Ligand code: GDP
Ligand code: MG
């Protein structure tokens, strides 16, 4: 039977939780230490979707979030993308449109995207209003998820949604 493989790129400013999200989803773990991913391009997760095997390959940036330092190889062949920002980092929220343009420029305009606000467990330190985030999602016509990688909230849903979007294309 058919095996679907999907390359997913996860972009956003540094420290929003991209590596943590990939680790959480693929390995089921969360660590507090800020660790740069060394020598690994992506982690894999095998899921079953509508009775088909789907292999998600989640690509992590090697901590090169300086805007133009992410290599072409990172984006090449990407079939879905997470645009991530953090509840406690205003700049990361304001950078989302720039990340979206960058991805669409590198990959093409039809790539399935999803907007993710991570670190929702730190709401008392929030520097982004819920309404602002929802308005951005509306403006950019993106599905919006609020996640806590730490508390394992909504992470699976993000990748489930992207899988569905990919399969429906
Ligand atoms: P990246 O630079 O986007 O890959 O971010 P990291 O995954 O390295 O995470 C940066 C820091 O944020 C680390 O200390 C993580 O443990 C922490 N972190 C990631 N996700 C969450 C979350 O949902 N809640 C909280 N409180 N901390 C998080
Ligand atoms: Mg990282």
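Residue numbers (the working numbering): 857 to 1025. Beta carbons are placed, not taken as given, at the ideal position from N, Cα and C, and that holds for glycine. These numbers come from a predicted model, not from an experiment.
(message) According to DSSP, simplified to helix, strand and coil, what is residue 989?
(response) The three-state secondary structure of residue 989, taken from DSSP, is helix.
(request) Could you name the residues that DSSP lists as bridge partners for residue 915? (result) Under the DSSP definition of a beta bridge, residue 915 partners with 865, 898.
(message) With a threshold of 7 Å (Cβ to nearest heavy atom), would residue 916 be considered close to the ligand MG?
(response) Yes, the ligand MG has a heavy atom inside 7 Å of this Cβ.
(request) Evaluate residue 965 with the Cβ neighbour count: other Cβ atoms within 10 Å of its Cβ, from every protein chain shown; 16 or more gives buried, anything less gives exposed. (result) Residue 965 is exposed by the Cβ-count criterion.
(message) The beta strand (DSSP E) that contains residue 1000, what's its start and end?
(response) Note, residue 1000: beta strand (DSSP E), 1000 to 1002.
(request) For the alpha helix (DSSP H) containing residue 1018, list its first residue and its last residue. (result) In the DSSP annotation of this structure, the continuous segment of the alpha helix (DSSP H) that includes residue 1018 starts and ends at 1011 to 1024.
(message) Check for me: the alpha helix (DSSP H) holding residue 929 runs from which residue to which?
(response) Counting along the chain, the unbroken alpha helix (DSSP H) around residue 929 starts and ends at 928 to 931.
(message) Are the CB atoms of residue 916 and residue 859 within a distance shorter than 8 Å?
(response) No, they are not a contact pair.
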